[in-house]
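So for the sequence shown, our numbering puts the first residue at 662; every next one is plus one.
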Amino acid sequence: KTTTEMGAMRVGDHLASLTGPLGIASEIEQYGTVICIGGGFAIAPIYPIARALKEAGNKVLSILGVRNRELLFWEERMRTVSDELIVCTDDGSY
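In structure tokens, the structure reads:
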């Protein structure tokens, strides 16, 4: 449901919340520009998806969120498969 709703969004629309992936494999195709979002331990499963999407010729924007800078992992690994990487921390330490 969320993916369908996102596909119908227009520039300037906002999401109140987002959940996923929910056990359904991501379809790897050339979409153009994609956004990969992961927080905490969910950064780990986002990496192979971002890598595959990049290899398929997409522009990849990755957004990582963690509680604090000390809990951030795989930043450089994600940077290698992302055209742009944004890191956010709950406590503002990054």
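Even for Gly, the Cβ is constructed at its ideal location relative to N, Cα and C.
Looking only at its own chain, which residues have a Cβ that is under 6 Å from the Cβ of L733, when we skip the five neighbours before and after it? On the sequence shown, residue 733 is found 72 positions in, with the first residue counted as 1. These residues qualify, in order along the chain: V727.
Which value, in whole angstroms, describes the spacing of the CA atoms of W717 and E688? For the purposes of this step, residue 717 is identified with residue 56 of the sequence shown, where counting begins at 1. For the purposes of this step, residue 688 is identified with residue 27 of the sequence shown, where counting begins at 1. The question names Trp, yet the displayed sequence has Ala at residue 717. Cα-Cα distance, rounded: 11 Å.
Those residues which DSSP pairs with G700 across a bridge: Taking the first residue of the sequence shown as position 1, residue 700 is located at position 39. Looking at the DSSP assignment, G700 forms a beta bridge with G726.
Cβ separation of Y708 and M739, assumed to be a contact under 8 Å, to the nearest whole Å: If you number the sequence shown from 1, residue 708 lands on position 47. If you number the sequence shown from 1, residue 739 lands on position 78. Confirmed, Cβ separation roughly 6 Å.
Looking only at DSSP bridge pairs, what is I747 linked to? Locating residue 747 in the sequence shown gives position 86, counting from the first residue. Bridge partners of I747: I724.
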